[in-house]
Each structure stands twice: as C-alpha cells, then as structure tokens.
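Please read the structure below before turning to the comments.
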Amino acid sequence: MAKFAFYPGCAAKGASKELYESTVAVAEKLGIELVELPQFSCCGAGVLEEIKEAVDLAVNARNIAYAEREGLDIVTVCSTCLLVLKRTKYLLDNDEDLRKEVNEILSEAGLEYRGTVDVKHFHWVLLEEFGEEGLKEKVVKPLTGFKVYPYYGCHTVRPESILGFESSENPQSLEKIIKALGAEPVSGERRLECCGFHAFWPAPRMSMKLTGLNLLDAKKSGANCLTTPCPLCHMNLDANQSRALKEVGESFKMPVLHLPQLVGLALGIEPKKLGLHRNIVPVNC
Amino acid sequence: MEKREVLFRIRRFNPKRDEKPYYQEYRLTVPKGMTVLEALQQIKDTQDPTLAFRAFCRSAICGSCAVKVNGFPKLACKTQVFNELDKFGTDTLTLEPLDNMDVIRDLIVDWDRPFKRMEEMKPWLVPDPEVVPKTLDEESRVYPRELKKFDQFTDCILCTSCYSSCTATQLDDGYGGPFQLARVYRFAVDPRDALKAERSKIGYAFDMWNCVRCNKCADVCPKHVSPVDGIMKLRGLSIEVGLKDNPGARHVMAFYKSLLESGMLNEVLLPLRTKGVKGVLENLPVGIKMILKGKAHSPVMKPIAEHETLVKVMKVAMEVE
Amino acid sequence: MVQFDILIVGAGGAGLYAALETSRRKGLSVAVLSKVYPTRSHTGAAQGGVNAALGNVAPDSPEKHAYDTVKGSDFLADQDAVEMMCEMAPKIIREMEHMGLPFSRLEDGRIAQRPFGGASFPRTCYAADKTGHVMLQTLYEQCLKNGVKFLNEWFLLSVVHNGERVSGVVAMDLRSGRIHGIRAKAVILATGGHARVYWNRTSNALGNTGDGTAAVLRAGLPLKDMEFIQFHPTGLRRTGILVTEGARGEGGYLINSKGERFMKRYAPEKMELAPRDMVSRAIETEILEGRGFRDEEGNEFVYLDLRHLGRKKILERLPQIRELAIDFEGVDPIEEPIPVRPTAHYSMGGIDADKLGRTPVKGLYAAGECACISVHGANRLGGNSLLDIVVFGKLAGEDAVNFVSEVDFLPFAESEVKREEERVNSLFEADGKEKLADLRSELSDVMSYGAGIFREEKKMKEALEKVREIKERAKHVKVYDGERTFNTNLQQTLEFLNLVDIAETIVLPAIERKESRGAHYRTDYPKRDDENFLKHSIVERGDDGELRLSWKPVVITKYQPEERKY
Numbered sequence: 013m014a015k016f017a018f019y020p021g022c023a024a025k026g027a028s029k030e031l032y033e034s035t036v037a038v039a040e041k042l043g044i045e046l047v048e049l050p051q052f053s054c055c056g057a058g059v060l061e062e063i064k065e066a067v068d069l070a071v072n073a074r075n076i077a078y079a080e081r082e083g084l085d086i087v088t089v090c091s092t093c094l095l096v097l098k099r100t101k102y103l104l105d106n107d108e109d110l111r112k113e114v115n116e117i118l119s120e121a122g123l124e125y126r127g128t129v130d131v132k133h134f135h136w137v138l139l140e141e142f143g144e145e146g147l148k149e150k151v152v153k154p155l156t157g158f159k160v161y162p163y164y165g166c167h168t169v170r171p172e173s174i175l176g177f178e179s180s181e182n183p184q185s186l187e188k189i190i191k192a193l194g195a196e197p198v199s200g201e202r203r204l205e206c207c208g209f210h211a212f213w214p215a216p217r218m219s220m221k222l223t224g225l226n227l228l229d230a231k232k233s234g235a236n237c238l239t240t241p242c243p244l245c246h247m248n249l250d251a252n253q254s255r256a257l258k259e260v261g262e263s264f265k266m267p268v269l270h271l272p273q274l275v276g277l278a279l280g281i282e283p284k285k286l287g288l289h290r291n292i293v294p295v296n297c
Numbered sequence: 007m008e009k010r011e012v013l014f015r016i017r018r019f020n021p022k023r024d025e026k027p028y029y030q031e032y033r034l035t036v037p038k039g040m041t042v043l044e045a046l047q048q049i050k051d052t053q054d055p056t057l058a059f060r061a062f063c064r065s066a067i068c069g070s071c072a073v074k075v076n077g078f079p080k081l082a083c084k085t086q087v088f089n090e091l092d093k094f095g096t097d098t099l100t101l102e103p104l105d106n107m108d109v110i111r112d113l114i115v116d117w118d119r120p121f122k123r124m125e126e127m128k129p130w131l132v133p134d135p136e137v138v139p140k141t142l143d144e145e146s147r148v149y150p151r152e153l154k155k156f157d158q159f160t161d162c163i164l165c166t167s168c169y170s171s172c173t174a175t176q177l178d179d180g181y182g183g184p185f186q187l188a189r190v191y192r193f194a195v196d197p198r199d200a201l202k203a204e205r206s207k208i209g210y211a212f213d214m215w216n217c218v219r220c221n222k223c224a225d226v227c228p229k230h231v232s233p234v235d236g237i238m239k240l241r242g243l244s245i246e247v248g249l250k251d252n253p254g255a256r257h258v259m260a261f262y263k264s265l266l267e268s269g270m271l272n273e274v275l276l277p278l279r280t281k282g283v284k285g286v287l288e289n290l291p292v293g294i295k296m297i298l299k300g301k302a303h304s305p306v307m308k309p310i311a312e313h314e315t316l317v318k319v320m321k322v323a324m325e326v327e
Numbered sequence: 038m039v040q041f042d043i044l045i046v047g048a049g050g051a052g053l054y055a056a057l058e059t060s061r062r063k064g065l066s067v068a069v070l071s072k073v074y075p076t077r078s079h080t081g082a083a084q085g086g087v088n089a090a091l092g093n094v095a096p097d098s099p100e101k102h103a104y105d106t107v108k109g110s111d112f113l114a115d116q117d118a119v120e121m122m123c124e125m126a127p128k129i130i131r132e133m134e135h136m137g138l139p140f141s142r143l144e145d146g147r148i149a150q151r152p153f154g155g156a157s158f159p160r161t162c163y164a165a166d167k168t169g170h171v172m173l174q175t176l177y178e179q180c181l182k183n184g185v186k187f188l189n190e191w192f193l194l195s196v197v198h199n200g201e202r203v204s205g206v207v208a209m210d211l212r213s214g215r216i217h218g219i220r221a222k223a224v225i226l227a228t229g230g231h232a233r234v235y236w237n238r239t240s241n242a243l244g245n246t247g248d249g250t251a252a253v254l255r256a257g258l259p260l261k262d263m264e265f266i267q268f269h270p271t272g273l274r275r276t277g278i279l280v281t282e283g284a285r286g287e288g289g290y291l292i293n294s295k296g297e298r299f300m301k302r303y304a305p306e307k308m309e310l311a312p313r314d315m316v317s318r319a320i321e322t323e324i325l326e327g328r329g330f331r332d333e334e335g336n337e338f339v340y341l342d343l344r345h346l347g348r349k350k351i352l353e354r355l356p357q358i359r360e361l362a363i364d365f366e367g368v369d370p371i372e373e374p375i376p377v378r379p380t381a382h383y384s385m386g387g388i389d390a391d392k393l394g395r396t397p398v399k400g401l402y403a404a405g406e407c408a409c410i411s412v413h414g415a416n417r418l419g420g421n422s423l424l425d426i427v428v429f430g431k432l433a434g435e436d437a438v439n440f441v442s443e444v445d446f447l448p449f450a451e452s453e454v455k456r457e458e459e460r461v462n463s464l465f466e467a468d469g470k471e472k473l474a475d476l477r478s479e480l481s482d483v484m485s486y487g488a489g490i491f492r493e494e495k496k497m498k499e500a501l502e503k504v505r506e507i508k509e510r511a512k513h514v515k516v517y518d519g520e521r522t523f524n525t526n527l528q529q530t531l532e533f534l535n536l537v538d539i540a541e542t543i544v545l546p547a548i549e550r551k552e553s554r555g556a557h558y559r560t561d562y563p564k565r566d567d568e569n570f571l572k573h574s575i576v577e578r579g580d581d582g583e584l585r586l587s588w589k590p591v592v593i594t595k596y597q598p599e600e601r602k603y
C-alpha cells in the first residue's frame with residue numbers, strides 16, 4: 013500500500029492534536045503508511061519569507077531533502093505547510109540558479125535538494141489512491157443526511173500555478189470526498205474565501221470578521237457542519253468561533269471538523285480516536 | 007470546427023438610469039478558440055450595441071479588459087470561452103464588472119481610486135546619486151541578479167484584477183492594495199533607488215501587515231506576478247529598517263526564534279512573543295478553553311532530530327547575499 | 038472654457054515624454070488627454086526593444102545607426118532628422134535608464150543589446166520582450182512624480198486653428214459623454230498609428246484608428262507618405278497579434294512547408310534579420326507559390342521556429358511571446374513552431390511635421406507614430422519606433438515650452454464645439470441601413486486587396502473607388518446607444534469614420550507612386566525609381582472635400598541612394 017513521509021506540521025503536533033490523531037487513525041484504517049520523519053522542522057508558515065527568502069527556501073529544501081533521502085513523497089495535513097513546501101519545490105525545480113544557491117547552503121549541513129519527491133495534501137492522497145468510488149467502498153457508516161460545508165480556504169488551491177492539483181476557481185476535491193462519505197456537500201459561496209488566520213495578530217478584527225462571514229455563509233447554506241483540510245482555518249473557525257461571530261453580530265454554534273475527522277466517522281472509527289472531544293465547538297455524533 | 011451554443015449572462019448597470027444592476031442574457035454560437043472579448047464584441051456588433059466594456063490591445067498587455075468571468079477576474083482578451091465552460095462544466099458564462107470599485111457602466115469600473123492610492127505610495131524611482139550617474143554619458147550598473155529581485159514586479163499591467171479580488175482591500179480602507187504594495191517593493195530593491203528599504207515604511211503606513219495571504223492576487227494575475235510575495239518581502243525590509251515593535255514583526259521573530267530553539271513552532275509562547283501581555287490577555291478565554299480540551303503543549307519543547315542541520319542552514323542562509 | 042498652456046493628446050511614449058519635458062518647466066499648465074487610461078496606450082505592446090548605438094556588445098556609432106536607418110527606409114527618410122535621432126539615442130536611453138527603466142542587463146551590469154532586422158550590430162536595448170510596456174510604465178511613474186495632469190478617457194474630435202496658429206481642440210469626455218472645447222497655446226498630437234485600417238489582420242490595438250491624423254486631415258493640414266504601411270512579418274496566424282522581431286533577433290528560424298529556411302533565397306546574408314518589408318514579402322511569396330501551410334479554417338502561414346533556442350533562453354528572453362503563443366494559438370514554442378503570417382503593423386506615414394515635430398500651423402505639433410518627420414521613410418527598422426517616440430516626444434515638448442512662453446491664447450469660437458456636437462448628434466439620427474461591423478470589415482478587405490503587401494494599379498484603383506463608396510455608405514451607420522455615459526457604440530463609430538478618412542489618403546498616393554520602395558511594393562513597377570520618386574507624397578483635403586496630392590523633396594545629407602542588399 014501507499015507509503016509517505018508524513019509532515020504533520022506544528023499545528024497538528026500542537027494545538028490541533030485531534031488532527032494528528034484523526035489523520036493517523038484514518039491512514040491506519042485505509043492502509044496508508046505514514047512515516048513521520050523526526051528531522052522535519054516547522055515550515056515557517058511563510059513568515060520566514062519575511063525574514064529572508066533564502067532562509068525560507070533553505071529550511072524547506074532541508075525538509076524535502078530528508079524525504080528524498082527516504083525516497084518518499086511528502087504528505088501533509090496543513091494547507092499552509094503544503095503551500096510553503098510546494099512553493100519551495102516549485103521555485104527550485106524551475107530555477108537552476110536558485111537551486112544551486114540553495115544547495116550550496118544545504119551542503120554546509122551535508123544535505124542536498126534534488127527535486128525527486130512530490131508534496132501532497134492528505135485529502136489529495138485519498139482521492140489519488142482510492143478515487144471517489146474506492147473511498148465509498150471503504151465507508152461503513154455513511155453520513156447520510158448530513159449537509160457539509162466544504163471549506164477550502166486558500167492554501168490548498170491558490171495559487172494554482174504552484175499547487176496544481178485542481179482548478180483554483182472550481183475545485184471539487186472536498187465535494188467528491190463528502191459525497192463518497194454519503195453526506196451532501198452544500199454549495200458554499202464562501203468556500204474559497206480566506207479565514208483571515210494569517211492576519212490574526214496584526215488585524216484581529218479583520219481576521220475574525222472573515223471567519224464570521226464564512227461561518228454565517230455555512231449557516232445560510234443549511235450546513236450541519238463545516239469541514240476544512242487546514243488546521244489554521246480550523247483554529248479560526250472552531251476555537252475562535254464565538255469571537256468571530258460576535259464580529260458579524262451573530263451567535264450560534266457551527267461544528268467544524270478537520271477533514272480526517274469527517275472521513276474517520278464514515279469509516280466507523282470511534283470519535284475518541286478522532287479527537288472529536290477536543291473540538292471547541294461540540295460535535296454531536 | 008467545434009462550435010457551442012453559449013448563454014452569456016452579463017451584468018448591466020447604468021447608475022444614471024438604473025436603480026440597481028441586473029443581468030441580461032445573450033445567446034451566441036461560439037467556435038473553438040474564441041475569446042471572451044471576441045464574444046463580447048460580437049454581441050455588441052450583432053445583438054446589442056449598448057453593451058459597454060473596455061478593450062484596447064487585445065493581446066494581454068494593456069490591462070483594459072479585465073472583467074469577472076464566472077466570478078473570477080480575467081483579461082477578456084486572453085480568456086478562451088471553451089476553457090471557462092469546461093472548467094465549470096457549464097454552457098453559461100456570467101460576466102460581471104470587477105469588484106472593489108464602483109461601476110461606471112456595465113462592465114466598466116472606476117479606476118480612479120486604486121490608481122490614486124498607488125500614486126500616494128510614491129511609485130517612482132528616486133535616483134540614488136551614489137548609483138545613478140550624474141550625466142547622460144554613463145549608465146547605472148544593475149547586475150542581472152539585482153534585476154531578478156524586482157523584474158517580475160515590472161510585469162504588472164495595472165489591470166486591477168488583483169485589486170478586485172483582494173481580501174484585505176475589501177475590508178480595510180487604509181490598505182494599500184496588492185499591485186500598489188508590490189510596486190513599492192519593486193522600487194525598494196532597485197539598486198538605483200535612493201529610498202531603498204526605507205520604502206517599506208510606506209508599506210507599513212498602508213497596512214501591509216493586514217495582507218491575509220489569501221494568494222488571490224497571485225492566482226488571478228494574468229501576467230503571473232505574485233504581489234503577495236512582494237508584500238511579504240516588503241515586510242521583511244520593514245523589520246530590517248527597524249519597524250520591529252509591532253505584532254507582525256514580532257510574530258515573524260517568534261517563528262524564527264522557535265525554529266532556532268527547537269525546530270518547531272512554540273504555539274504556547276506565540277501570543278506573548280507576538281503581542282506581549284496584551285496578546286496573552288486578549289486570547290486568554292480561548293487559551294483556557296484549549297487547555298481544558300487538552301490542546302496545549304508544554305512551553306518547553308524538545309528539539310527535532312538533527313536540529314543542528316536546521317540551525318546550520320538557517321545561519322548560512324542569513325549570511326548569503 | 039478649460040484651458041492649458043500645452044495640451045498633449047495621447048499618453049503613449051511620445052505623449053508622456055513630451056509631458057515629462059514640459060513638466061520640468063515650472064509654472065506652465067499642461068495636461069495629457071487620452072482616450073484610454075494611462076499605461077493602456079499601444080506603446081506598451083512594443084516588445085523587442087529600442088535602438089541606440091551604445092556599443093555595449095559590439096563597437097557601434099550613431100553614424101552607423103543612421104546609415105542602417107536610412108538604408109532600411111529605402112532612402113526615403115529625411116537624413117537630417119535621422120542623424121539627430123540616432124545622435125540623441127544613447128543619451129535618451131540612459132535618461133530613461135536613470136528614471137528606473139528595467140532594461141535587461143549584461144553580466145557586467147550594463148544594458149544588454151540584441152540583434153534586430155536591418156541592423157549591422159546588436160544595437161537593440163531591451164527588457165526581455167516587454168520593452169514598450171516597461172517604458173510606458175516608467176514614463177508614467179515619472180509623470181506622476183512630476184505631477185502631470187491627466188484627462189483620462191477623453192476622445193479627440195477636432196483640432197482648431199486659424200490657418201496660422203492652433204487655438205485648441207474639441208474633445209469628448211467619454212465618462213460623461215459631454216463635448217468640450219479645450220483652449221491651448223500649443224497642442225502636441227501623439228495619437229499613434231492607423232494600421233487598424235486593416236481591421237481584420239493587424240497587430241494594432243483596437244483603438245489605433247488614427248484619430249489625430251484624421252482630425253488633422255479634416256482641419257485641412259497635410260499628411261505625408263501615407264502610402265507606406267509596414268506589414269510585420271510575424272503576426273500570429275489567427276489574430277495577427279505581434280510576435281516580436283526579437284524572436285528572430287535571438288535566433289529564430291522561418292520555415293516553409295518544405296522544411297527550408299527560405300530566407301536564404303531572399304536575403305542570403307541577413308537571412309531572417311533582413312528588414313521587415315523584405316521578410317514579409319518573402320513569406321507572402323512562399324505562401325503564394327504554394328510553400329506555405331494551410332489550416333482547417335483556411336488560414337495560410339509559415340512557421341517561426343524557436344525550439345533550437347532551448348527552454349532557458351525562451352523563458353528568459355521571450356517569456357511573453359511564449360505566453361501569447363500558448364494563449365492565442367495553443368502552441369508552446371518550446372515544443373512546437375509558431376504559425377505566423379505578416380500583419381499590418383506600423384504607419385510610416387502620418388502628419389507632416391518637421392524634425393521638431395512642428396506642423397505648418399504654429400503651436401500644433403505631432404510626435405510618435407501619428408507623425409511623419411520622416412525618420413522611417415518607406416520602411417521602419419525594428420527598434421526604431423520606441424526610439425522615435427521618445428526622441429521626438431521630447432523635442433516637441435521642448436519646442437512647445439519655448440513657443441508658449443512667447444504667445445498668448447487665441448480666441449476659441451464656441452461654434453467649433455457646436456460643429457462637433459452636430460457632427461456627433463447626426464450619428465444618432467442616421468437611418469441605420471449600414472452596419473458598423475460589416476462596413477469596417479469590408480474596408481479592411483478592400484485595403485488588404487488593393488493596398489496590401491503587393492500592389493498594382495488596377496487593384497488600387499478599384500480599392501480607391503470602393504473606399505469612396507464605403508465613405509458614402511458610412512453616412513448610414515447609426516449609433517443605437519442613446520446614453521451619454523461611456524457610449525462605446527458612439528466611440529467605435531467615430532473611430533471607424535476616422536479609418537475611412539485615412540484609408541483614402543493611403544490609396545491615393547499609392548496609385549501615383551509608380552515605383553517600389555520599402556513597404557510600397559508594386560508588381561507593375563517592381564524597381565525603385567529615384568529619378569522620379571525620391572520624394573515625399575503630401576495629401577491634403579481641400580475645402581471641397583477632395584484630396585490633393587503633391588510632392589516634397591527628401592533631405593539628403595551624406596548617404597547617397599544605393600541598392601538595398603541584405
């Protein structure tokens with residue numbers, strides 16, 4: 013079965029450990045082998061580019077280099093980690109001079125970036141490995157009657173030139189998975205809008221307003237819950253939900269599930285193993 | 007040659023006459039290869055001469071014809087009808103004016119505000135007398151690797167697609183805007199410019215830290231410029247010139263520190279490091295909830311394996327030019 | 038009435054350089070009027086580069102540049118003007134470089150230069166394949182810096198003068214639809230070319246409709262060398278969109294259906310880098326003689342092959358070309374050759390102006406493609422257009438500044454505005470028996486047939502008759518859109534009427550010029566005839582509305598006419 017270098021990212025290792033738990037549980041159930049490389053570091057969430065691009069590229073080329081050593085494609089469960097790693101790969105694969113410069117830096121630590129492995133998001137892997145039909149076959153507790161808001165956010169789709177898995181204007185991966193699980197994806201007007209996470213510190217109100225608007229749209233669309241492939245979106249949508257709703261003059265509870273949590277439920281994994289008890293907005297299963 | 011019957015839903019509005027915008031439908035037989043602009047002109051020529059839209063070069067360099075096609079900003083001249091139909095699995099194309107600007111008529115928006123904003127941000131070279139020769143007998147020397155730093159940003163054709171889709175522009179009146187901030191960066195790293203990194207202070211004054219990094223600007227740019235990259239780098243320059251005591255800059259330094267300490271982000275210390283005691287207090291209610299749910303890690307973190315290689319590459323990368 | 042010391046019409050390279058020049062003199066009121074928003078002008082579409090004898094790559098001199106230009110012009114250019122332009126070239130390039138123009142660079146940091154058609158040395162300075170774009174942006178930035186005033190999206194309707202001096206213009210604010218008189222001591226027309234006459238196959242912007250040129254014609258002033266239209270050899274098959282000469286400058290091949298680099302038959306030495314008129318004729322000849330390709334839509338073409346340049350060079354030096362080929366032809370030049378055919382590109386002729394841009398009416402200037410100075414004669418060399426616009430934009434600006442400091446405003450009769458209002462209003466009243474789009478397309482076909490790459494008397498006479506017929510039929514074209522705000526139906530109609538006026542001025546001198554010179558190639562007179570036609574044609578419209586043709590000598594300084602071999 014498929015084997016990957018697992019790059020959970022800091023959120024899944026920290027404040028979103030339920031994402032880590034659910035991912036591991038789902039992978040195990042589906043027979044996807046996840047090898048977590050102990051050398052993986054934080055990707056810098058893009059802010060390293062604000063220190064210096066060379067630092068950003070070197071740190072992430074280092075991460076990829078360890079996966080290359082194992083000969084394994086990287087799979088991550090964080091949209092921002094995905095974009096940061098993909099961007100590094102994109103720049104180094106398309107610019108020989110840059111690759112040379114970065115490799116000079118890596119060589120100081122005895123490493124080399126060769127461009128031999130790919131970087132993927134966990135939910136891409138689900139579709140690539142099983143397809144909609146295959147996934148359907150694995151479902152033991154179909155989520156019949158559930159209306160799920162497919163919240164993409166930004167960094168699994170944009171920019172398409174770097175991510176390239178699907179159209180950034182009409183992505184369907186989440187809808188496909190939701191359908192395979194027996195649930196119904198609602199059509200969300202704001203499914204591709206930003207949650208504001210990355211401006212949370214400098215502009216908390218703007219950040220909260222964006223999240224509030226997204227939650228409101230989920231409510232308006234008649235969704236029972238919202239699912240996202242990104243723990244950072246999740247942090248804003250779930251942990252900060254009441255604050256976000258206050259910013260748009262609302263107050264209600266909208267459960268927000270990490271995508272592997274949603275998948276896990278349909279695969280019949282018990283909620284505790286999926287860390288559902290850790291979600292701030294209670295998820296009643 | 008393949009042809010398709012296409013329904014064009016076009017948003018019409020004449021503020022002088024109409025109370026609110028409305029959609030008008032036109033049917034057109036579209037051959038393969040036809041662009042949205044060609045379709046618009048054909049509708050104007052054969053069905054409705056009153057339809058108003060801008061167009062000029064029709065070769066993707068003048069920036070006149072950006073409109074929203076099924077919700078996303080595109081240069082009408084380089085967008086093929088079939089590609090959009092296939093992408094959305096439909097035979098209908100909805101054409102609308104760009105967002106974040108007022109509509110003058112139909113698909114024509116008022117550009118004055120975004121251009122005025124750019125002008126306020128000093129988008130011109132101020133020659134550095136140390137680099138730019140005093141007489142016209144000599145050139146300034148600009149090395150290819152220096153040019154490479156800002157070259158992509160000079161591709162901007164001011165079509166305002168990025169501005170139309172920008173999340174921060176939508177919510178923050180004080181925000182500089184994606185193409186505008188990217189142009190500030192373009193000059194900040196031009197070796198001929200006298201203001202150099204000081205230009206990042208302009209970015210700071212125009213709320214550059216409020217960019218949410220949604221990457222829409224990079225995604226919609228028809229010339230493949232990535233304004234968000236310019237904005238991120240402009241932020242970096244602001245730290246270099248000493249604008250360090252703000253949440254954005256401190257957040258950056260917190261990451262950097264975490265990576266050097268353990269290789270992973272110290273989320274527990276992030277509020278304190280980013281916003282001081284205020285940050286801790288502001289986020290206390292959420293923080294407590296998270297602790298109760300078992301979502302917090304220990305403030306002391308164990309370094310990742312081979313952490314020394316990370317420290318090494320970071321240090322070396324900081325040194326290189 | 039609104040008034041400015043100097044009004045500049047057009048915001049391309051010539052207009053903006055003139056504006057910059059005038060903005061250096063404090064206390065003058067100056068405005069730039071343009072029918073588009075700044076940086077939309079067609080200067081931005083110039084790709085390949087701008088010529089100047091910097092000698093950064095190979096030893097070069099302004100004299101050699103001048104010689105190449107004169108030879109390229111088939112000896113019709115005025116040599117004093119050419120010498121001045123080539124002499125000024127290095128300085129003005131450096132001036133723009135000092136303003137921040139992002140030229141591509143050599144390893145040692147100096148401005149890079151590439152070979153171009155008809156040039157003896159790599160003389161063309163460039164910024165990848167977006168040279169005009171960055172030039173326009175840079176000039177605009179500097180205009181903002183100097184506080185230049187812009188009247189954006191205003192449409193020129195007429196030029197007003199009293200026979201001796203200019204008094205202003207009448208123009209329409211497109212946004213409000215109102216027609217205004219604008220009084221000015223000096224007017225600089227920088228309104229661009231008119232190759233949109235060949236509507237169906239041109240590299241030009243939709244708006245390159247010779248608005249200034251037509252206004253000057255209607256004002257009874259002379260146009261010069263109008264028969265000379267340049268067909269760029271490499272327009273994309275379907276759309277005529279430009280593929281820069283830089284593509285051949287970087288080493289691209291032209292290939293026919295036999296797989297031959299056919300230029301060896303036409304210009305054995307310079308091959309693909311012969312001047313444009315020769316390369317265009319060569320391509321058309323290949324197609325006529327059955328060695329071209331034909332697609333399922335019936336488009337005929339040859340191939341421009343860049344594949345041997347390799348991925349890296351194409352991405353670095355010709356990224357935009359690659360993108361255009363992908364978007365508009367579905368062809369990636371890294372993998373496949375690009376289908377191309379000549380496309381109407383440049384107007385060598387235009388408003389008769391001297392080397393400072395002065396027209397016979399004091400205070401009225403013309404600069405850039407709308408003007409005929411003439412530095413391009415019968416055929417412009419690639420890379421000389423971007424040079425022309427900045428040099429003569431600057432000079433016109435300078436001269437206008439001096440002129441306005443010595444004179445007062447002239448009276449400007451309201452009746453001038455009234456007349457244009459009536460002209461415009463009548464378009465709403467027409468009977469609509471003719472359709473704008475059909476007539477525009479017909480005009481294009483007539484011009485391509487009668488005044489295209491190959492010309493002969495019979496076809497030209499037929500074309501002239503047809504053009505005059507179209508001019509009559511055009512009176513039936515109706516503006517259906519009754520709104521004032523941004524009435525693009527009205528604008529497109531006015532633009533078409535300008536094209537009709539201009540078409541006639543192209544064909545008439547073409548019939549009378551019984552020789553072949555540069556872009557004017559006659560199958561019935563295939564040789565150049567210096568004895569009878571080493572002279573500029575002048576076309577004016579008399580009070581009776583009829584065109585009158587006369588001739589004017591060419592200025593020759595040191596380059597005696599000789600046979601053009603490449």
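Chains as they are written, first to last, in our numbering: chain L, 13 to 297; chain P, 7 to 327; chain F, 38 to 603. C-beta atoms are modelled at their ideal positions from N, C-alpha and C, and glycine is treated no differently. Since we're looking at a predicted model, the values are computed, not measured.
Item checked: Chain-order list of residues whose beta-carbon lies under 6 angstroms from that of alanine 48(F) (same chain, five-residue window excluded) -> Excluding residues up to 5 positions away in sequence, Val69, Ser71, Pro75, Ser78 lie with their Cβ nearer than 6 angstroms to the Cβ of alanine 48(F) in the same chain.
Checklist line | Proximal residues, the segment 511-541 of chain F versus chain P, C-beta separation under 7 angstroms | finding: Taking 7 angstroms as the upper bound on Cβ-Cβ separation, chain P lies near residues Tyr517, Asp518, Glu520, Thr522, Phe523, Thr525, Asn526 of the segment 511-541 of chain F.
Checklist line | Cutoff 7 angstroms; reference methionine 38(F); Cβ partners in own chain excluding five residues on either side | finding: Gly218, Arg220, Phe449
Item checked: Reference alanine 164(F), options Glu353(F), Gly387(F), Lys470(F), closest by Cα -> Of Glu353(F), Gly387(F), Lys470(F), the residue nearest in Cα terms is Glu353(F).
Note to self: Short of 8 angstroms in beta carbon distance, which residues of its chain neighbour proline 374(F), apart from the five on each side in sequence? Order them along the chain.
What the structure shows: Ile292, Tyr340, Leu341, Asp342, Leu343, Arg344, Val368
Margin query: Residues in the same chain with beta-carbon distance under 8 angstroms from glutamate 549(F), minus the five sequence neighbours each way, listed in chain order, please.
Written below: Ser574, Leu586
Note to self: Against valine 171(F), what residues of chain P qualify as contacts under a CB-to-CB distance less than 8 angstroms, listed in chain order?
What the structure shows: Thr160
Notebook entry, point to check: So which residues of chain P does tryptophan 213(L) contact, with C-beta pairs closer than 7 angstroms?
Noted result: Pro253, Gly254, His257, Thr280, Lys281
Check: Assuming arginine 17(P) and glutamate 102(P) make a contact with CB atoms under 8 angstroms, what is their CB distance in whole Å?
Finding: 4 angstroms
Next item on the list: Determine the closest residue to lysine 234(F) out of Val224(F), Gln267(F), Ile216(F), with distance taken between C-alpha atoms.
Entry: Position check: residue 234(F) holds valine in this sequence, whereas lysine was assumed. It is Gln267(F).
Next item on the list: Assign glutamine 529(F) to one of two classes, buried (16 or more other C-beta atoms within 10 Å of its C-beta) or exposed (fewer than that).
Entry: buried
Notebook entry, point to check: Pairing CB atoms from the segment 80-99 of chain L with CB atoms from the segment 139-158 of chain L, are three or more of them under 8 angstroms?
Noted result: no
Notebook entry, point to check: Going along the chain, which residues of its own chain have a beta-carbon closer than 6 angstroms to the beta-carbon of glycine 276(L), five neighbours each way excluded?
Noted result: In chain order, Ser34, Ala37, Val38, Leu286 place their CB closer than 6 angstroms to the CB of glycine 276(L), counting only its own chain and leaving out the 5 sequence neighbours on each side.
Check: Helix or strand or just coil, what does DSSP make of methionine 209(F)?
Finding: strand
Notebook entry, point to check: In chain order, what residues of the segment 467-497 of chain F put their CB closer than 8 angstroms to some CB of chain P?
Noted result: Lys472, Leu473, Ala474
Item checked: Residue-chain proximity (threonine 173(P), chain L), Cβ-Cβ < 8 angstroms -> yes
Notebook entry, point to check: Among residues of its own chain, excluding the 5 on either side of cysteine 172(P), which ones have a beta-carbon nearer than 7 angstroms to its beta-carbon?
Noted result: Asn106, Gly183, Pro184, Lys222, Cys223
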